[in-house]
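Heads up, the thing below is written out as structure tokens.
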Amino acid sequence: MPHDPARTNAALMARRRAALPAGLGQAHEMFVDRAENAEVWDVEGRRLIDFAGGIAVLNTGHRHPAVIEAVKAQLDRATHTCFQVLAYESYVELAERLNAMAPGNFPKKSFFMTTGAEAVENAVKVARAYTKRSAVIAFGGGFHGRTMMGMALTGKVAPYKVGFGPFPAEVYHAKFPCALHGVSVADAMASIEALFKYDVEALRVAAIIIEPVQGEGGFYVAPIEFVQALRALCDQHGILLIADEVQTGAGRTGTWLTCDQWFAQAGVAPDIITMAKSLAGGFPLSAVIGRAEVMDAAAPGGLGGTYAGSPLACAAALAVMDIFDTGGLMERGRVVGERLMNGLREIATRHATIGDVRGLGAMVAVELFKGGDVHQPDADRVKRVVTEAARRGLVLLSCGVYGNVIRILVPLTASDALLDEGLVILSASFDATT
Ligand code: PMP
Numbered sequence: 158m159p160h161d162p163a164r165t166n167a168a169l170m171a172r173r174r175a176a177l178p179a180g181l182g183q184a185h186e187m188f189v190d191r192a193e194n195a196e197v198w199d200v201e202g203r204r205l206i207d208f209a210g211g212i213a214v215l216n217t218g219h220r221h222p223a224v225i226e227a228v229k230a231q232l233d234r235a236t237h238t239c240f241q242v243l244a245y246e247s248y249v250e251l252a253e254r255l256n257a258m259a260p261g262n263f264p265k266k267s268f269f270m271t272t273g274a275e276a277v278e279n280a281v282k283v284a285r286a287y288t289k290r291s292a293v294i295a296f297g298g299g300f301h302g303r304t305m306m307g308m309a310l311t312g313k314v315a316p317y318k319v320g321f322g323p324f325p326a327e328v329y330h331a332k333f334p335c336a337l338h339g340v341s342v343a344d345a346m347a348s349i350e351a352l353f354k355y356d357v358e359a360l361r362v363a364a365i366i367i368e369p370v371q372g373e374g375g376f377y378v379a380p381i382e383f384v385q386a387l388r389a390l391c392d393q394h395g396i397l398l399i400a401d402e403v404q405t406g407a408g409r410t411g412t413w414l415t416c417d418q419w420f421a422q423a424g425v426a427p428d429i430i431t432m433a434k435s436l437a438g439g440f441p442l443s444a445v446i447g448r449a450e451v452m453d454a455a456a457p458g459g460l461g462g463t464y465a466g467s468p469l470a471c472a473a474a475l476a477v478m479d480i481f482d483t484g485g486l487m488e489r490g491r492v493v494g495e496r497l498m499n500g501l502r503e504i505a506t507r508h509a510t511i512g513d514v515r516g517l518g519a520m521v522a523v524e525l526f527k528g529g530d531v532h533q534p535d536a537d538r539v540k541r542v543v544t545e546a547a548r549r550g551l552v553l554l555s556c557g558v559y560g561n562v563i564r565i566l567v568p569l570t571a572s573d574a575l576l577d578e579g580l581v582i583l584s585a586s587f588d589a590t591t
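Here it is, written out as structure tokens:
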């Protein structure tokens, strides 16, 4: 269909600026017309390869046929009753399946919200209700959402916290281990012991919340020795361990949950897990999954929300789980990750600015430094590469505490040809920028 010449990205950006607040960021000055698997077409008819996946929401691709079919079928039956008023089976079935999938040799229960931030809020709520303690420890560089508790837990001030405080009290930040930047597992553990010494006694801490791979913070993987040490510390002091898998969950890192790898490698299971994003293949849904006795601690009426666990989103999530169960997508995700890592390593051999190529499964990133010096993060180069790539038809996202990381969250359903096409554009964008 020929595009309307008056409906340009520039015209829509002008309307956007006039009608919407400045605080709503936008990575690319483009408006979408339609999307299919790992490709998007803008309102001017330009095709883009999508390496952003709506920020980790589209592990199963844009408009996966099975997801669309499930939602259409649900649309024809009922769109909303509010689960706490009139329940529906899909919600219960989804909880049963998530409980069965989560690691740990103990009974689990789940409930649903709409956004990642809400899942995090509710994970803290149940942790406090169960432990009857109030403090929470999070990590520097972590991201947990834009609600008040989400911001409090987030360990990155600009732009997430600037001007929005005060935040809920009794949230403390420890160091996240990162060998590249000189923070060892021992340093990170010592920073928690320091909190116990200077800020809060261990017996007042309800939970420690950690992203198995920091997302917004820069795609740093939590080393398994750190996870083991955290679990031991939590057990010693009666603290709950929360894995925030909003970005890492639903197959992104090579397993359904990243903490499946914790369990396989070291027998470590979190007490509570948060999921969102790719769980429902493009529909708004988040989940809190946890140890049954912990999840049962909140009084009836204390949990839930009007739209939480919408029937449309539950139908979509069940379809997503079917796709992973039957479609070989987990294996495909690992292959996608390897292909991307190989492509990025090749680019890195020609561009000294790339100081690190890293990833877990298909959650991969490169970190840029001026002259390759790890003490000089190069956020400007990241911006130039991302802008140049978009000009050439590839959608990328940046991240990192210093904004010097380019991350890839391409649909796992993308073909090899499309991945290669994207990598060629990325490579050319490095060549074309300095
Ligand atoms: N936790 C993590 C680890 C996230 O990556 C995000 C979103 N980037 C959130 C929480 C918040 O999710 P939402 O934007 O859906 O509220």
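Just so you know, the sequence shown maps onto residues 158 to 591 in this note's numbering. Just so it is clear, CB atoms sit at the ideal spot from N, CA and C, and this is done for glycine as well. What you are looking at is a predicted structure, and each value in this text was computed from that prediction instead of being measured.
The ligand PMP approaches Phe-300 closely enough that one of its heavy atoms is under 7 Å from the residue's Cβ. A straight-line Cα-Cα distance of about 12 Å links Ser-247 and Ala-235. Put simply, the stretch 358–369 touches the stretch 272–286. At least three CB pairs are less than 8 Å apart.
A distance of 8 Å or more separates the beta carbons of Gly-550 and Arg-191. Of the candidates Glu-373, Thr-544, Thr-510, Thr-510 places its Cα closest to the Cα of Gly-528. Look at the beta carbons and you see the stretch 402–416 touching the stretch 474–494: at least three pairs across the two are nearer than 8 Å. Contact between the stretch 367–383 and the stretch 326–336 is present: three or more C-beta pairs spanning the two stretches fall below 8 Å. Shown here, Leu-460 sits in coil according to DSSP, grouped into three states, outside any helix or strand.
For Glu-495, the enclosing alpha helix (DSSP H) stretches over residues 486–507. The DSSP assignment places 210–213, 222–232, 246–258 as complete runs of the alpha helix (DSSP H) inside the stretch 207–283, in order along the chain (cut-off: 4 residues). In the structure shown, Ser-555 falls within a strand segment according to DSSP collapsed to helix, strand and coil.
At least one heavy atom of the ligand PMP is found less than 7 Å from the C-beta of Ala-274. For Met-187, no beta strand (DSSP E) run applies, since DSSP gives it neither H nor E. In this structure the stretch 431–446 lies against the stretch 205–218, because at least three pairs of beta carbons, one per stretch, are closer than 8 Å. Checking the 7 Å criterion, the Cβ of Gly-372 is within range of a heavy atom belonging to the ligand PMP.
When rounded, the separation of the alpha-carbon atoms in His-338 and Val-531 is 7 Å.
Non-local beta-carbon contacts of Ala-474 in its own chain, meaning distances under 6 Å to residues more than five positions away in sequence, involve Leu-251, Leu-436, Ala-437, Leu-442 in chain order.
Going by DSSP, Tyr-317 is part of no alpha helix (DSSP H) at all; its letter is neither H nor E. Excluding sequence positions up to five before and after Val-542, its CB lies within less than 7 Å of the CB of Ile-563, Ser-586, Phe-587, Thr-590, all in the same chain and listed in chain order. Counting every other CB atom within 10 Å of its CB across the protein chains shown gives Pro-534 a total of 16 or more, marking it as buried. Under the DSSP definition of a beta bridge, Ile-381 lacks any partner. The stretch 308–321 makes no contact with the stretch 251–271: fewer than 3 CB pairs, one atom from each, lie closer than 8 Å.
Excluding residues up to 5 positions away in sequence, Val-514 lie with their Cβ nearer than 8 Å to the Cβ of Arg-502 in the same chain. Burial check for Gly-180: the Cβ neighbour count within 10 Å stays below 16, so the residue is exposed.
Where Phe-440 is concerned, there is no enclosing alpha helix (DSSP H), because DSSP gives it neither an H nor an E.
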